[in-house]
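Report on the structure given below.
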């Protein structure tokens with residue numbers, strides 16, 4: 001996304017700015033993402049874009065934000081040294097810890113987006129509806145597994161029966177959204193899926209083909225949640241790709 005644009009929806013501008021463009025219906029989503037970036041700026045030291053403005057028009061919606069340096073880390077993984085990967089693990093652990101300390105808004109809903117509204121979760125059709133926020137982890141889990149037959153619900157129960165802390169989560173922490181230069185993380189981008197989720201959520205999405213990333217990085221950052229992540233992957237496969 002940064003450096004040379006990787007998306008037709010994102011345009012590089014002068015003065016270190018990037019502009020994301022979408023359909024008019026995306027204006028509320030862009031407002032939520034801008035609010036997320038302000039939270040990240042206020043409560044963490046994570047290198048992330050800073051929001052500048054959101055604009056909705058009859059034809060398009062726009063999110064203007066600052067640039068962060070680097071290129072997606074995915075293509076670099078196999079050429080990085082063990083020491084560089086160890087530093088990536090340490091940096092990601094620190095950034096995840098900082099995210100988890102972001103205070104949740106005063107609301108009846110534990111699982112929600114950064115403004116306390118409905119989640120944006122690509123596993124759920126037409127997500128970010130206001131009703132896609134949940135008062136408890138059990139309510140969230142039941143929503144995810146309700147479409148499936150009893151065998152799937154029983155397999156999911158091995159992690160869903162465990163109570164987890166609800167923490168702020170990036171929501172799509174994969175190698176495409178982690179930028180690096182010279183073996184070091186320089187930015188984390190694409191915060192549209194962020195919100196308060198169970199602490200293990202969303203760690204493995206879209207990275208299972210990158211074995212070294214999965215084994216040497218993600219399993220180290222989220223080392224306590226193997227059973228939970230196996231269930232997450234199963235539900236993701238059944239519900240559709242994230």
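Residue numbers (UniProt numbering): 1 to 242. All C-beta atoms in this analysis are idealised placements derived from N, C-alpha and C, irrespective of residue type, glycine included.
Of the listed residues the options, nearest to residue i (C-alpha basis)
i, options, result
"residue 201", "41, 74, 70 and 96", "96"
"residue 115", "198, 38, 13 and 25", "38"
"residue 187", "12, 76, 71 and 144", "71"
"residue 20", "62, 182, 13 and 48", "62"
"residue 163", "120, 24 and 198", "198"
"residue 65", "23, 41, 78 and 59", "41"
"residue 73", "196, 190 and 183", "183"
"residue 175", "168, 169 and 185", "185"
"residue 22", "59, 47, 46 and 48", "59"
"residue 47", "92, 102, 87 and 76", "92"
Alpha carbon of residue i to alpha carbon of residue j, nearest angstrom
i, j, result
"residue 85", "residue 51", "29 Å"
"residue 67", "residue 104", "27 Å"
"residue 29", "residue 131", "15 Å"
"residue 18", "residue 10", "7 Å"
"residue 31", "residue 56", "10 Å"
"residue 35", "residue 144", "26 Å"
"residue 189", "residue 178", "7 Å"
"residue 246", "residue 167", "Nothing in the structure corresponds to residue 246, since the chain is present only between 1 and 242."
"residue 117", "residue 191", "15 Å"
"residue 180", "residue 133", "33 Å"
"residue 171", "residue 102", "14 Å"
"residue 169", "residue 27", "22 Å"
Heavy atom of the ligand ZN within 7 Å of residue i beta-carbon
i, result
"residue 75", "Here there are no bound small molecules, and the ligand ZN is not part of this structure."
Buried versus exposed, by CB contacts within 10 Å (16 or more), residue i
i, result
"residue 33", "buried"
"residue 82", "exposed"
"residue 106", "exposed"
"residue 193", "buried"
"residue 13", "exposed"
"residue 15", "exposed"
"residue 25", "exposed"
"residue 44", "buried"
"residue 78", "exposed"
"residue 136", "exposed"
Host alpha helix (DSSP H) of residue i (start-end)
i, result
"residue 32", "27–43"
"residue 13", "Here residue 13 belongs to no alpha helix (DSSP H); instead the beta strand (DSSP E) covers 10–13."
"residue 86", "82–100"
"residue 140", "137–145"
Start-to-end residues for the beta strand (DSSP E) that takes in residue i
i, result
"residue 181", "178–181"
"residue 186", "184–188"
"residue 200", "Note, residue 200: premise wrong, no beta strand (DSSP E); not H, not E."
"residue 51", "51–56"
"residue 21", "17–22"
"residue 168", "166–169"
"residue 64", "61–66"
Answer yes if the stretch 91–110 comes into contact with the stretch 52–64, meaning at least three C-beta pairs across the two stretches below 8 Å, and no otherwise.
-> In short, these stretches do not touch, since the Cβ pair count stays below three.
Give a yes or no on contact between the stretch 103–110 and the stretch 128–145, applying the rule of three or more CB pairs nearer than 8 Å.
-> By the Cβ test, the stretch 103–110 is in contact with the stretch 128–145, since at least three Cβ pairs between them sit closer than 8 Å.
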